Amino acid sequence: MPAATPRPHVMALLFDTDFKRPADSLVFRHLDGRLFTEEEQAIVRNATIEELQAAGVHVHNPEAGAEAAEAAITLVELLLKYAVKHHETLAPLMTDEDLIEYDRWGVIVAAGADRSLPHED
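Heads up: the sequence shown at position 49 corresponds to 74 in our numbering, and the numbers run straight through without jumps.
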């Protein structure tokens with residue numbers, strides 16, 4: 026099903042909304058600080074995801090957060106395979122501080138890997 030076309034009056038209000046309201050406030054404000062009327066509140070609360078995204082509003086999506094966290098771990102694991110094998114290539118590219126951290130974390134990871142790998146007889 027194609028996405029609905031954003032409604033102009035909703036978009037105009039979203040573009041004039043200060044989304045940085047205090048966490049304990051349930052009332053939206055205009056960019057100039059004026060409080061929304063009850064009618065304006067209802068319009069913003071009933072905006073579709075597509076309208077919010079078209080206005081550039083970040084919409085919290087817990088599934089996307091979990092997917093991003095999993096992707097970050099997978100990416101780190103992938104990069105780690107190459108970083109450990111090619112330390113001599115990476116070292117010249119690192120600052121002294123990063124190289125110290127890299128070496129420190131590498132020792133910790135290697136120590137943990139030794140305990141989790143099956144021992145060959």
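Glycine included, each C-beta is placed from N, C-alpha and C at the ideal position.
None of these values were measured; they are calculated from a predicted model.
What residue range is occupied by the uninterrupted alpha helix (DSSP H) comprising residue i?
i       : result
Leu-77  : 74 to 79
Met-36  : 33 to 40
Thr-120 : Element bounds for Thr-120: n/a, residue is neither H nor E.
Val-69  : 63 to 70
His-111 : Premise fails: His-111 is in no alpha helix (DSSP H) and is neither H nor E.
Which residues in the same chain have their Cβ closer than 8 Å to the Cβ of residue i, if we skip the five residues on either side of it in sequence?
i      : result
Ala-96 : none
Thr-30 : none
Ala-46 : Per the sequence presented here, residue 46 reads as Arg, with Ala not at that position. The residues are Val-52, Phe-53 and Arg-54.
State yes or no: is the C-beta of residue i within less than 7 Å of the C-beta of residue j?
i       : j       : result
Ala-116 : Leu-105 : no
Val-35  : Ile-68  : yes
Leu-38  : Glu-76  : no
Arg-54  : Asp-43  : yes
Assuming residue i contacts residue j under a Cβ cut-off of 8 Å, what Cβ separation, rounded to an integer in Å, is found between them?
i       : j       : result
Met-119 : Tyr-107 : 14 Å between Cβ atoms; not a contact.
Val-101 : Gly-131 : That pair is no contact at about 13 Å.
Just grab the DSSP bridge partners of residue i for me.
i      : result
Asp-43 : Arg-54
Leu-60 : Arg-54
Using only the heavy atoms of the ligand SAH, determine whether one of them is closer than 6 Å to the beta carbon of residue i.
i      : result
Glu-63 : Within the structure as shown, the ligand SAH is missing, as the structure has no ligands at all.
Apart from the five residues just before and just after residue i, which ones in its own chain have a Cβ nearer than 7 Å to its Cβ?
i      : result
Ala-79 : Pro-31 and Met-36
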